[in-house]
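To start, the structure itself, in structure tokens.
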Amino acid sequence: MTERLSARTRARTATRRYLRRFGGRATVRRDLKAGVVLGTESVPDGLAAGLLAGVNPVHGLYAYLAGTLGGALATGSVFMTVQTTGAMGVLISDVPQTQDAATSAQALSTLALLSGMVMLGLGLARLGSLVRFIPTAVLVGFVNAVAINIVLGQLGNVTGFDSEAGNRILRAVDTVLHVAELSGPAVTVAAITVLLTLGLERTRLGPLAMLVAVAAASAAAWWIPALDVASISDAAAVPDSLPDLALPALDLVPALLVPALSLALVGLVQGAAISGSMPNPDGAYPDASADFRGQGVANLFAGVAQGMPVGGSMSATALVRDAGAATALANLVAAVVMAATILLAAPVIAATAMPALGALLVIVGVRTLRPATMLMVWRTGITQATVLTLTFVLTLLIPLQYAVLTGVAFAVLLHVTSQSNRIAVVRWVFDEGQVLPREVPPPARLDAGEVVVLVPYGSLFFAAAARLEEQLPAPAAVADDAFVVLRLRGSDDLGATSLGVLTRYAERCRAAGATLLLVGVGERVLEQLRVTGGMRALDEENVFAATDRLGASVGTALAAIEERRRSRPDPDPDITPGG
């Protein structure tokens, strides 16, 4: 009975804690206002996201609705708004299955569900820290190239010229070469949208500037015969009901696995920026793994609601916060506003001018560019500049799902290469009367009777093993009574390659009459030496465990060398440690 009551108490406590994310009477008015602002602004944004992805714009609106709802209910961050981001929209546009009218709806649903399962799985495994393995150079190159892709991808909508060139860059060049064939009405409607947006942002309508600009430009296109342009209704039917539940298309899963992984990666990284910069109402920063789980749930919502994949949106989160949001209730209200718009204003959505939505995306793309950040990364070093350039160029030229993964893989390869070359071995020399040693370059050769204390700096992982071996002094043909003392303090995992280097070097020393001693050896490395047979090859008396006092194991090893020399029948002269 006591255990049952305890379980009930824990359940009630957890429920109360969860409900606190939606505030109380003191915050309702602020959340209602912020939710209305976000929900109203999300309608044109959602349609634009669908246009950016090259699919029926309604799927973008469905994604915004379901993602915002799922994020409000499940993310660790109280304020995070989960919607389709520009980077995700461009990535979706490069997935062939989403661009085929026969498979588009099922492909979007399947893609969102797969992305959601990846995000949810990573969150449940508490792998929120994974995002730190994605280099800044990759992210900066990717985001800036995506910004250019967003702008280039909308040239057809804002100019009315439909180029048939192979990629966005070639289509942009083709558009410039055919400037005489551009549509005057389309360019005019796009220009009206841009000018109104920039102007209204300076007024009290600032948060709703894009919505008002798109509505006004679309109204002008509808009322003025000379401004006859394409609208959403020309591209797709706009339903006046909430989406039917959708199931994934299992036959599309193999082809969509890589795009889903890339989308999950992009969405989680962008969401992690929110987790690390926007604290919850209690002042604590949200757990990145909890946000992973929440974004995964939001994608599952979007998938069954015929929406596109979604992720944490920095711009939407900033909008709802600036509008006064105090709790997650604001995002719930925004989802309700979007649902009401779909139910009550389908004809208005259908009449939205495509050049107006295209102009909206051009503004978003230009504002996403971060040239100052690119310059900062470029100046960091050759490795970062190379990764930045490669990711930027690939993102412009190849499908994005491969560009982002290639950028990450290339960054890891360059990092491994650079780290393997940064291993440096120095010699410690103990001068008479001095407590602390001097550091000098290691000798190239180990001569008879010499004692050399060596300290490697850098990671002794597998790729650095060859560089370590190069810097160890080569034993002379006869190096009797010579000792190499190698300090390994701080190296907690050598791996098979580095252990092999040490074993071979010990055998070379032994063959010349010298001895290798390992000092400052941690518990993990001791265990590796035992289970791999390295301890037998080195001889256990030549391995000295690390202690909590710096340098103690080196002193112990040097004392052991002196003791060995004194115990011999014909001892050599007293040694000078390190020299």
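Residue numbering for the sequence shown is 972 to 1550, as defined by the numbering used here.
Cβ coordinates follow ideal geometry from the N, Cα and C atoms, glycine included.
Enclosing beta strand (DSSP E) for Phe1454 [first to last residue]: If you number the sequence shown from 1, residue 1454 lands on position 483. That run of the beta strand (DSSP E) goes Phe1454 to Arg1458.
Runs of beta strand (DSSP E) lying entirely within the segment 1341-1411, each at least 3 residues, in chain order: 1395-1400 and 1409-1411
Endpoints, beta strand (DSSP E) assigned at Thr1486: The residue labelled residue 1486 in the question sits at position 515 within the sequence shown. In this chain, the beta strand (DSSP E) harbouring Thr1486 covers Thr1486 to Val1492.
Bridge-paired residues (DSSP) for Ser1430: Translated into the one-based positions of the sequence shown, residue 1430 becomes position 459. Answer is none; Ser1430 lacks a bridge partner.
Exposed unless 16 or more other CB atoms sit within 10 angstroms - verdict on Thr1312: Position 341 of the sequence shown holds residue 1312. By the neighbour-count rule (16 or more Cβ atoms within 10 Å), Thr1312 is buried.
The beta strand (DSSP E) enclosing Phe1272, as first and last residue numbers: On the sequence shown, residue 1272 is found 301 positions in, with the first residue counted as 1. No beta strand (DSSP E) contains Phe1272, which is instead part of the alpha helix (DSSP H) from Ala1259 to Val1275.
Closest residue to Gly1124 among Gly1155, Gly1060, Met1181 and Leu1079 (Cα-Cα distance): Walking along the sequence shown from the start, residue 1124 turns up at place 153. Out of Gly1155, Gly1060, Met1181 and Leu1079, Gly1060 has the C-alpha closest to the C-alpha of Gly1124.
Uninterrupted alpha helix (DSSP H) stretches inside the segment 1189-1238 (no shorter than 4 residues): Taking 4 residues as the shortest admissible run, the segment 1189-1238 contains the following complete alpha helix (DSSP H) segments, listed from N- to C-terminal end: 1203-1206.
Proximity winner among Ala1447, Leu1431 and Ile1394, relative to Pro1414 (alpha-carbon distances): Here the question's residue 1414 lines up with position 443 in the sequence shown. If we check each option's Cα against that of Pro1414, Ala1447 comes out closest.
Touching by the beta-carbon criterion (3+ pairs, under 8 angstroms), the segment 1039-1054 and the segment 1296-1310: yes
Cα-Cα separation between Ala1321 and Val1209, rounded to whole angstroms: As a working mapping, residue 1321 is identified with position 350 in the sequence shown. As a working mapping, residue 1209 is identified with position 238 in the sequence shown. Their Cα atoms are separated by approximately 6 angstroms.
Which residues DSSP lists as bridging Ala1324, in chain order: Residue mapping note: residue 1324 aligns to position 353 of the sequence shown, counting from 1. Its beta-bridge partners are Ser1202.
As assigned by DSSP and simplified to three states, the class of Gly1041: Here residue 1041 refers to the residue found at position 70 of the sequence shown. Helix at Gly1041.
Gly1283 - partner residues in DSSP beta bridges: Counting from one through the sequence shown, the residue named residue 1283 turns up at place 312. Val1053, per the DSSP bridge assignment.
Outcome for Thr1288 when other beta-carbon atoms lying within 10 angstroms are tallied against a minimum of 16: Within the sequence shown, residue 1288 is the residue found at index 317, counting from 1. Counting Cβ neighbours within 10 Å, Thr1288 comes out buried, since at least 16 surround it.
8 angstroms Cβ cutoff met for Gly1282 and Gly1242: What you label residue 1282 is simply residue 311 of the sequence shown in a count that begins at 1. What you label residue 1242 is simply residue 271 of the sequence shown in a count that begins at 1. Yes. Within cutoff.
Buried or exposed (CB count within 10 angstroms, at least 16 for buried), Pro1318: The residue labelled residue 1318 in the question sits at position 347 within the sequence shown. The residue is exposed, with fewer than 16 neighbouring Cβ atoms inside 10 Å.
At least 3 beta-carbon pairs within less than 8 angstroms: the segment 1110-1123 vs the segment 1392-1399: no
Residue span of the alpha helix (DSSP H) that contains Val1008, given as start and end: For the purposes of this step, residue 1008 is taken as residue 37 along the sequence shown, with counting starting at 1. Counting along the chain, the alpha helix (DSSP H) containing Val1008 begins and ends at Arg996 to Leu1023.
Opposing strand residues paired with Ala1445 [DSSP bridges]: Translated into the one-based positions of the sequence shown, residue 1445 becomes position 474. Paired residue(s): Arg1416.
DSSP beta-bridge partners of Ala1516: The residue you call residue 1516 lines up with position 545 of the sequence shown. Bridge partners of Ala1516: Val1492.
Thr980 versus Arg992: straight-line alpha-carbon distance, rounded: Taking the sequence shown and counting its residues from 1, the one referred to as residue 980 is at position 9. Taking the sequence shown and counting its residues from 1, the one referred to as residue 992 is at position 21. So the alpha carbons of these two residues sit roughly 19 angstroms apart.
Val1114 - DSSP class collapsed to helix/strand/coil: For this step, residue 1114 is matched to residue 143 along the sequence shown. Looking at Val1114 - three-state DSSP - the assignment turns out to be helix.
Buried or exposed by the 16-neighbour rule on C-beta atoms within 10 Å, applied to Gly1254: Taking the sequence shown and counting its residues from 1, one reaches residue 1254 at position 283. By the neighbour-count rule (16 or more Cβ atoms within 10 Å), Gly1254 is not buried but exposed.
Continuous alpha helix (DSSP H) stretch holding Leu1479: start and end: As a position in the sequence shown, residue 1479 is number 508, starting the count at 1. For the sequence presented, residue 1479 should be read as Arg rather than Leu. That run of the alpha helix (DSSP H) goes Gly1466 to Ala1483.
Local conformation of Leu1101 per DSSP, three classes: In the sequence shown, residue 1101 corresponds to position 130, counting from 1. Leu1101 falls in the helix class under three-state DSSP.
Cα-Cα separation between Leu1239 and Glu1512, rounded to whole angstroms: Here residue 1239 refers to the residue found at position 268 when the sequence shown is read from its first residue. Here residue 1512 refers to the residue found at position 541 when the sequence shown is read from its first residue. Taking the straight line joining both Cα atoms gives about 51 angstroms.
Exposure label - Tyr1033; buried when at least 16 CB within 10 Å: Residue mapping note: residue 1033 aligns to position 62 of the sequence shown, counting from 1. It is buried - the Cβ of Tyr1033 has at least 16 other Cβ atoms within 10 Å.
Rounded straight-line distance, which links the Cα of Gly1378 to that of Val1364: As a first step, residue 1364 is located in the sequence shown; it is residue number 393 there, counting from the start. As a first step, residue 1378 is located in the sequence shown; it is residue number 407 there, counting from the start. Spanning the two alpha carbons is a distance of roughly 10 angstroms.
Cβ of Thr1377 within 8 angstroms of any chain B Cβ: This model lacks chain B altogether; it includes just one protein chain.
Proximal residues to Leu1167 (C-beta, below 8 angstroms), its chain only, five neighbours per side dropped: Counting from one through the sequence shown, the residue named residue 1167 turns up at place 196. Cβ within range, chain order: Ala1180, Val1183, Ala1184, Ala1187 and Ala1188.
Within 8 angstroms, strictly: CB atoms of Tyr1035 and Gly1006: Here the question's residue 1035 lines up with position 64 in the sequence shown. Here the question's residue 1006 lines up with position 35 in the sequence shown. No, the Cβ-Cβ distance between Tyr1035 and Gly1006 is not below 8 angstroms.
Burial state of Arg1458, where buried means 16 or more other Cβ atoms lie within 10 Å: Indexing the sequence shown from 1 puts residue 1458 at position 487. A residue is called buried once 16 or more other Cβ atoms fall within 10 Å of its Cβ, and Arg1458 is buried on that count.
Alpha-carbon to alpha-carbon, Asn1251 and Asp1262: Counting from 1 along the sequence shown, the entry for residue 1262 is found at position 291. Counting from 1 along the sequence shown, the entry for residue 1251 is found at position 280. Distance between the alpha carbons of Asp1262 and Asn1251 is about 12 angstroms.
Touch test, the segment 1154-1165 against the segment 1343-1362, Cβ-Cβ under 8 angstroms, three pairs minimum: no
Beta-ladder partner(s) of Val1423, from DSSP: Walking along the sequence shown from the start, residue 1423 turns up at place 452. Answer is Val1455, bridged to Val1423.
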